[in-house]
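Just so you know, UniProt numbering puts 15 at position 15 of the sequence shown, and the rest follows in order with no gaps.
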Amino acid sequence: MAKKKAATKKKATAAQANDSSLLGTFGFAPYEPTKKEEYMNEAQEEHFRAILNAWKASLMEEVDRTVHHMQDDAAHFPDPNDRASQESEFSLELRTRDRERKLIKKITSTLDRLDAGDYGWCDSCGVEIGIRRLEARPTADLCVDCKTLEEIKEKQMA
């Protein structure tokens with residue numbers, strides 16, 4: 001009996017360590033469904049809506065910060081090396097913001113799916129994606145099996 005309790009405690013600690021991704025970043029606790037709770041009920045939808053909105057707001061703040069940073073740092077340097085260094089830094093920053101802009105579009109699309117009642121279901125096979133997978137990757141639109149198959153196909157095509 002003592003071994004069973006220790007194993008359960010280890011599993012809980014591992015689960016808590018995995019929840020340090022988006023959930024921990026924005027201060028959300030992992031959703032704990034009850035045994036008879038229906039998948040993607042109103043409480044679950046609100047949980048994911050809050051996560052997605054917090055993530056989107058965080059990315060938007062980062063975009064605003066970058067714009068202000070670039071405007072403030074757009075000083076003219078007499079030394080060409082300083083200018084080249086600054087332009088290189090700006091280029092890297094803009095590439096990062098472009099990826100974030102695409103992620104914001106994906107989050108917005110995911111929020112639309114949530115509003116339409118399509119969130120949480122695999123686009124390919126229609127099964128539940130799963131709460132833990134969605135908490136790890138809130139924009140996921142494929143279940144683990146279909147995503148694995150997609151990745152295998154991509155590797156074969158490359």
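All residues carry an ideal CB built from backbone N, CA and C; glycine is no exception.
Endpoints, the alpha helix (DSSP H) within which Asn81 is located:
To locate residue 81, count along the sequence shown from 1; it is residue 81. Unbroken alpha helix (DSSP H) run through Asn81: Pro80 to Ala116.
One or two residues paired with Trp121 in a DSSP bridge
Numbered from its first residue, the sequence shown carries residue 121 at position 121. According to DSSP, which records beta bridges pairwise, Trp121 is partnered with Glu128.
Count the other CB atoms, across all protein chains shown, that sit within 10 Å of the CB of Gly27; report buried if there are 16 or more and exposed otherwise.
For the purposes of this step, residue 27 is taken as residue 27 along the sequence shown, with counting starting at 1. By the neighbour-count rule (16 or more Cβ atoms within 10 Å), Gly27 is not buried but exposed.
Name the residue from Arg83, Ile152, Phe48 and Lys153 whose alpha carbon lies nearest to the alpha carbon of Leu111.
Taking the first residue of the sequence shown as position 1, residue 111 is located at position 111. Ranking Arg83, Ile152, Phe48 and Lys153 by Cα distance to Leu111 puts Phe48 first.
Within a Cβ cutoff of 8 Å, which residues of the same chain sit near Lys56, ignoring the five residues on either side of it in sequence?
As a working mapping, residue 56 is identified with position 56 in the sequence shown. These residues qualify, in order along the chain: Ile104, Ile107, Thr108 and Leu111.
Here's the rule I'm using: 16 or more other beta-carbon atoms within 10 Å means buried, otherwise exposed. How should Tyr119 be labelled?
Position 119 of the sequence shown, counted from the first residue, corresponds to residue 119. When all chains shown are included, Tyr119 counts as buried.
Quick check on this structure: which residue in Glu32, Leu52 and Asn41 has the alpha carbon closest to the alpha carbon of Thr25?
Translated into the one-based positions of the sequence shown, residue 25 becomes position 25. It is Leu52 whose Cα lies nearest to the Cα of Thr25.
Member of Glu42, Cys146 and Glu154 whose CA lies at the smallest distance from the CA of Gly117
Within the sequence shown, numbered from 1, the residue matching residue 117 stands at position 117. Considering only alpha carbons, the answer is Glu42.
What number of angstroms, rounded off, separates the C-alpha of Glu100 from the C-alpha of Leu59?
If you number the sequence shown from 1, residue 100 lands on position 100. If you number the sequence shown from 1, residue 59 lands on position 59. Computed Cα separation, rounded: 7 Å.
Check each candidate in Gly130, Arg97 and Ile129 and name the one with the smallest Cα separation from Val63.
Indexing the sequence shown from 1 puts residue 63 at position 63. For the options Gly130, Arg97 and Ile129, the alpha carbon positioned closest to that of Val63 is the one of Arg97.
Proximity below 8 Å, CB of Asp123 to CB of Asp145
Numbered from its first residue, the sequence shown carries residue 123 at position 123. Numbered from its first residue, the sequence shown carries residue 145 at position 145. For Asp123 and Asp145, no; Cβs fall outside 8 Å.
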